[in-house]
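Residue numbers (this note's numbering): 16 to 263.
Remarks on the structure that follows.
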Ligand code: SF4
Ligand code: FES
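Set out below in structure tokens:
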């Protein structure tokens with residue numbers, strides 16, 4: 016395949032970026048999207064030009080770092096896959112593909128297609144954990160029986176990889192789906208009850224401080240999430256938040 020690529024190039028957070036056109040031949044359907052970008056970068060380096068900067072780590076849909084907006088959709092046109100799992104067979108010879116970074120005030124561009132998502136880390140650090148005594152008398156994990164339905168729902172919430180596609184898909188750049196997944200994975204389990212009140216209050220406070228927008232129930236986040244995180248988690252987050260505030 017021969018493709019026309021329109022790629023966002025930006026030197027750093029302070030510089031003005033612009034779309035740049037590239038023509039790339041020899042693309043095979045079995046290549047992943049990131050392999051296609053590797054080929055482009057190889058050609059740019061051979062020509063003495065700066066390669067396109069993009070984030071990636073595992074290339075297996077696990078780490079959540081491959082944040083690309085492809086033809087206006089986070090992680091591209093396929094459902095339930097990350098950019099590294101997207102294959103070029105989804106495109107046709109002669110296609111024009113527009114590639115941009117995830118755009119949100121709380122995700123400033125570092126360079127080209129790479130954005131700073133440490134705002135997610137700070138939300139997680141503000142309460143997305145349980146405190147466990149590991150000084151030699153740790154309670155066995157199976158000592159507390161967990162209802163199967165709750166265990167399944169908690170596991171589903173825990174599959175969030177923190178990629179940020181939900182924020183990029185949302186017209187308000189809301190981080191509610193991410194935060195709700197991180198709250199839900201503990202709210203559904205007895206182990207999460209001890210710190211439940213402070214957890215939800217602190218995580219929502221940090222989410223607002225980072226400059227993410229509000230949820231207006233558009234649902235784009237759920238559609239674009241590569242891990243199928245459900246909007247039900249946002250409803251749970253709201254319930255947790257209201258009951259925490261009633262407790263004080
Ligand atoms: S909720 Fe989905 S889209 Fe949002 S960060 Fe988690 S995995 Fe990514
Ligand atoms: S590179 Fe890890 S999820 Fe894509």
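The C-beta atom is built at its ideal place from N, Cα and C for all residues, glycine as well.
Owing to the predicted nature of the structure, the values given are computational and were not obtained by experimental measurement.
Which term fits residue i, buried or exposed, when burial requires 16 or more other beta carbons within 10 angstroms of its beta carbon?
| i | result |
| --- | --- |
| residue 261 | exposed |
| residue 30 | exposed |
| residue 107 | exposed |
| residue 205 | exposed |
| residue 198 | buried |
| residue 200 | buried |
| residue 33 | exposed |
| residue 27 | exposed |
| residue 119 | buried |
| residue 77 | exposed |
| residue 192 | buried |
| residue 181 | buried |
| residue 158 | exposed |
So if DSSP puts residue i in a beta bridge, which residue, or which two residues, is it bridged to?
| i | result |
| --- | --- |
| residue 97 | Answer is none; residue 97 lacks a bridge partner. |
| residue 191 | DSSP output for residue 191 lists no bridge partner at all. |
| residue 228 | 189 |
| residue 111 | 19 |
| residue 126 | 129 |
| residue 84 | 89 and 115 |
query: In the region 16-78, which residue ranges form an unbroken alpha helix (DSSP H) of at least 4 residues, counting only runs that do not cross its ends?
result: 48-61
query: Should the region 48-55 be called in touch with the region 94-109, which here means at least 3 C-beta pairs below 8 Å?
result: yes
task: Report yes or no: do the region 140-157 and the region 166-177 share at least 3 C-beta pairs separated by less than 8 Å?
output: no
- prompt: Taking only runs of the alpha helix (DSSP H) that begin and end inside the region 135-186, which ones reach a length of at least 4 residues, in chain order?
  reply: 163-173 and 180-184
- prompt: Does the region 103-114 come within contact of the region 16-34, defined as at least 3 CB pairs closer than 8 Å?
  reply: yes
query: Would you say the region 51-68 touches the region 160-167, given that touching needs at least three Cβ pairs under 8 Å?
result: no
query: Counting pairs of Cβ atoms below 8 Å between the region 134-147 and the region 211-224, do you hit three or more?
result: yes
query: Would you call the region 84-92 and the region 67-74 touching, i.e. three or more CB-CB distances under 8 Å?
result: no
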